[in-house]
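Per the numbering used here, the very first residue in the sequence shown carries number 1; after that it's consecutive. Cβ atoms here follow ideal geometry from the backbone N, Cα and C, with glycine treated the same way. Read the structure below first, then the notes.
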Amino acid sequence: MGLAEIKERIRQAEIENGRDAGSVTLIAVSKVQPNERVESVLNQGHRVFGENRVQEAAGKWPDFRSRFEGIELHIIGPLQTNKVRQAMQLAEVIHSVDRPKLAEAIARIAQEIGSCPDLFVQVNTGLEEQKAGIAPRDVDGFVKECRALDLPVRGLMCIPPVDEEASMHFALLAKMAERNGLDGLSMGMSDDFEKAISFGATHVRVGSAIFGARTYS
Ligand SMILES: *Cc1c(COP(=O)(O)O)cnc(C)c1O
């Protein structure tokens, strides 16, 4: 696969689902990928990237930013409270707002520095113990809390359980976003981004299908 093919498939999915052209944002998930592969995707004109870990993002994106205009970085992985400030300085968007303490830390730093990335609330739609995220029954209350803190919540994010049909999770996330007046839906990865688009995804997070398999050393 690769960038061009994924972009084309997203375009097709937009057409099939009556979505406006370009209404789905492709986040190229570059975690663990060698810099040459990331640079190749940058050279093909892509500018929206996702990273899981703040540390790793801090190690490569300042340099890429100095060489390429218009980069938009999304933090999509679990965020420790002591990394919040760094994450907010590095990223335009954070997809992993998953607990009140984190929301409060973001709000405090936003006050201090006078700006805040766009935020997605991560929902643990499968109620998996090992996974981060707000439980579905607590989402409405948590979104209210974030709004009371003046946080720019743009949407909801989920990572469905690997062994379950993703559709029901995408549908659930879409319903929760709608009833909370949120337009953003961050859902869908390499194996299911077209399905996610059919359920209304506005942001798909695609890694291996663009860059090739991740090799962890
Ligand atoms: C790694 C990752 C992705 C991308 O996964 P692929 O299967 O490589 O497309 C998407 N979202 C999150 C939160 C991830 O950690």
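To which residues of the same chain is residue i closer than 6 Å at the C-beta, ignoring the five residues directly before and after it?
i: G188; result: A196, A201, V204
i: G133; result: D98, Q122, V123, N124
i: M157; result: H95, F120, Q122, S186
With a threshold of 6 Å (Cβ to nearest heavy atom), would residue i be considered close to ligand 1?
i: I75; result: no
i: G207; result: yes
i: V29; result: yes
i: M189; result: yes
i: N52; result: yes
Counting along the chain, where does the beta strand (DSSP E) carrying residue i start and finish?
i: C146; result: That residue, C146, is in no beta strand (DSSP E); its alpha helix (DSSP H) goes 139-148.
i: A28; result: 25-29
i: R205; result: 203-206
Enumerate in chain order the residues of its own chain whose CB-to-CB distance from residue i is below 8 Å, with the five nearest sequence positions on each side excluded.
i: P100; result: F142, E145
i: D206; result: Sequence check: residue 206 is Val here, not Asp. I6, L26, I27, A28, V29, G188, M189, S190, F193.
i: F22; result: Reading the sequence as shown, one finds Gly at residue 22 and not Phe. E14, listed in sequence order.
i: R53; result: K31, G77
What does DSSP give as the partner residue(s) for residue i in the beta ladder?
i: L156; result: V121, L185
i: I134; result: V123
i: I94; result: I75, L119
Just reading off the alpha helix (DSSP H) that residue i is part of, what are its end residues?
i: G50; result: G50 -> not in any alpha helix (DSSP H); beta strand (DSSP E) instead, spanning 48-51.
i: A58; result: 54-67
i: A196; result: 193-198
Could you pull out every residue in the same chain whose Cβ sits closer than 7 Å to the Cβ of residue i, ignoring the five residues on either side in sequence?
i: A105; result: T81, V84
i: P117; result: M88, A91, E92, V93, I94
i: P161; result: G126, E128
i: N35; result: K60
i: R147; result: V153
Check residue i in the structure and name its three-state DSSP category.
i: E165; result: coil
i: L79; result: coil
i: L42; result: helix
i: L3; result: helix
i: A13; result: helix
i: V32; result: coil
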